[in-house]
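Residue numbers (my numbering): 1221 to 1660.
Note that CB positions come from ideal geometry on N, CA and C, so glycine has one too.
Bear in mind the structure is a predicted one, so any value in this text is a computation, not a measurement.
Have a look at the structure below before the remarks.
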Ligand code: 5AD
Ligand code: SF4
């Protein structure tokens, strides 16, 4: 029996889909890329903006035909939109078999057991569930939920309050992934750097300690994390980032706006000046830091002058890249009741902000041309730098290979480069030569 997974939204959802897939694998099901051969269609939804939710709902509607083709097929809707709109989904789409909200993903195993028990047994179980972990890069969830109340954001409502995974559980998962071939780890959480645990005998674990512990797992080559909140980017965390060789010099640090009055209305608990000062400390500690961010344009009350401040922040900080989002009112959040800007104003701001971000990004990328970057090959001719730029290399190496690459072109978001490993024996990786390297 096969299952098909469709994931909308953020990396947290991708990680949740992976976790649910593993649970299905453990029950003897096998993954497929073709919904037509699948008996279970798992759709993991996002609700952070209306657009994401609309796309998921229209897919649920279209799946009426998929479901009708065989009564044994099961349509399972999970994730954040499922949490927010359970009743609507059940009423509006009777062909949906199971709705599992984001807060219940931890119980997916027993929930799906109940669904599978209702399955006729003649579908033919496929026990050859392949190992999923043949990937060089993996996401590991370290915390869930969010204790903030940013006034635009639905996440705290659909994912609940923060909870932190025990450190030994995280380290076990990292160790398991290393055995499967993973070298590059991204620690995940809605406010990932708020991670802490109160250990026994007064021992307190914070995010810096977690970074150190993950780096200590033999075989871990690279560590990143998303998404941190500026508030928890403490000196301890900055020091850990700078001093632990495995922690990469790439940071995605959402700022949302460059205007203090908008930041205040968003309840972001920092000012533009504090953010800029934080970036200065980060760059002092890591001069080669690649910095990216999230920006929202068209927030209620965002005046032309406020918007200009976001544009000037993009210039002042010199972000290497950014996601720019049009504000989308989410029902039940404090900002949803505030007057919205007309679409054309939001559109225009979005376009202008994207242009500004792109102009700065191209300028920043050009600094890489002619430099040598350590690239981790992910997929044939593609890999990533430590700063998280995707690079197309002039050859086809096995995933997991670490090579020095001279960047030859940085006009596009995916850089181009030439490998320096021209004449060597790839079976004896050696850090001192230009051969493919091993993680030290
Ligand atoms: N409208 C637009 N963008 C939003 N984000 C979160 N909520 C909204 C919303 N209501 C953006 C923020 C956040 C990213 C994950 O999504 O920029 O950092
Ligand atoms: Fe949403 Fe703010 Fe929490 Fe991020 S910190 S998930 S933007 S409420």
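Practice task
Could you tell me whether any non-hydrogen atom of ligand 1 is closer than 7 angstroms to the CB of residue 1539?
Solution key: For residue 1539, the CB stays at least 7 angstroms from every heavy atom of ligand 1.
Exercise for the section: Put residue 1604 into one of helix, strand or coil per three-state DSSP. Expected result: In the three-state reduction of the DSSP assignment, residue 1604 falls in the strand class, which pools E and B.
Handout entry: Closest residue to residue 1282 among 1304, 1312 and 1300 (Cα-Cα distance)
Key = When each option's Cα is compared against that of residue 1282, the closest is 1312.
Exercise for the section: Along the alpha helix (DSSP H) that carries residue 1232, what are the first and last residues, could you check? Expected result: Where residue 1232 is concerned, the enclosing alpha helix (DSSP H) starts and stops at 1231-1246.
Practice task
On the DSSP bridge assignment, give the partners of residue 1264 in chain order.
Solution key: Note: residue 1264 sits in a beta bridge opposite 1227 and 1298.
Exercise for the section: Please work out which residues of its chain come closer than 7 angstroms, Cβ to Cβ, to residue 1496, disregarding the five sequence neighbours upstream and downstream, and give them in chain order. Expected result: Taken in chain order, the residues that qualify are 1536 and 1537.
Problem - Whole-angstrom C-beta distance between residue 1404 and residue 1479, which should lie under 8 angstroms - result: In this structure residue 1479 is not in contact with residue 1404, their Cβ atoms being roughly 36 angstroms apart against a cut-off of 8 angstroms.
Handout entry: Other residues of its chain near residue 1230: CB distance less than 6 angstroms, five sequence neighbours each side excluded
Key = Beyond the five residues adjoining it in sequence on each side, residue 1230 comes within less than 6 angstroms, by CB distance, of no other residue in the same chain.
Practice task
With a threshold of 7 angstroms, establish whether the CB of residue 1520 neighbours any heavy atom of ligand 2.
Solution key: No.
Exercise for the section: Could you give the DSSP three-state label for residue 1405: helix, strand or coil? Expected result: In the structure shown, residue 1405 sits in a strand (DSSP, three-state: E or B).
Exercise for the section: Could you check the C-alpha separation between residue 1360 and residue 1445 for me, to the nearest Å? Expected result: C-alpha of residue 1360 to C-alpha of residue 1445: approximately 9 angstroms in a straight line.
Practice task
Please go through the stretch 1565-1625 and give each complete beta strand (DSSP E) segment of 3 or more residues, from N-terminal end onward.
Solution key: Taking only runs of at least 3 residues, the beta strand (DSSP E) segments lying wholly in the stretch 1565-1625 are 1592-1599, 1602-1604 and 1610-1613.
Practice task
Please determine, among 1304, 1583, 1556 and 1467, the residue with the shortest C-alpha to C-alpha distance to residue 1605.
Solution key: Answer by Cα proximity: 1467.
Exercise for the section: Check whether the Cβ atoms of residue 1540 and residue 1512 lie closer than 8 angstroms to each other. Expected result: Taking 8 angstroms as the Cβ cut-off, residue 1540 and residue 1512 qualify as a contacting pair.
Practice task
Use the C-beta contact count for residue 1399: other C-beta atoms within 10 angstroms, 16 or more gives buried, fewer gives exposed.
Solution key: By the neighbour-count rule (16 or more Cβ atoms within 10 Å), residue 1399 is not buried but exposed.
Practice task
Check whether the Cβ of residue 1476 sits closer than 7 angstroms to any heavy atom of ligand 1, and report yes or no.
Solution key: Checking every heavy atom of ligand 1 against the Cβ of residue 1476, one is found closer than 7 angstroms.
Handout entry: Endpoints, alpha helix (DSSP H) assigned at residue 1480
Key = Unbroken alpha helix (DSSP H) run through residue 1480: 1480-1486.
Problem - Spatial neighbours of residue 1601 in its chain, beta-carbon cut-off 7 angstroms, leaving aside the 5 residues before and after - result: For residue 1601, where only same-chain residues beyond five positions count, the Cβ hits under 7 angstroms are 1612, 1613, 1615 and 1616.
Practice task
Using three-state DSSP, classify residue 1351 as helix, strand or coil.
Solution key: Only weak support is given to the placement of residue 1351: the predicted model assigns it a pLDDT of 36, under 50, and the question is left unresolved by the model.
Handout entry: Enclosing alpha helix (DSSP H) for residue 1281 [first to last residue]
Key = It spans 1270-1288 - the alpha helix (DSSP H) in which residue 1281 sits, taken as one unbroken run.
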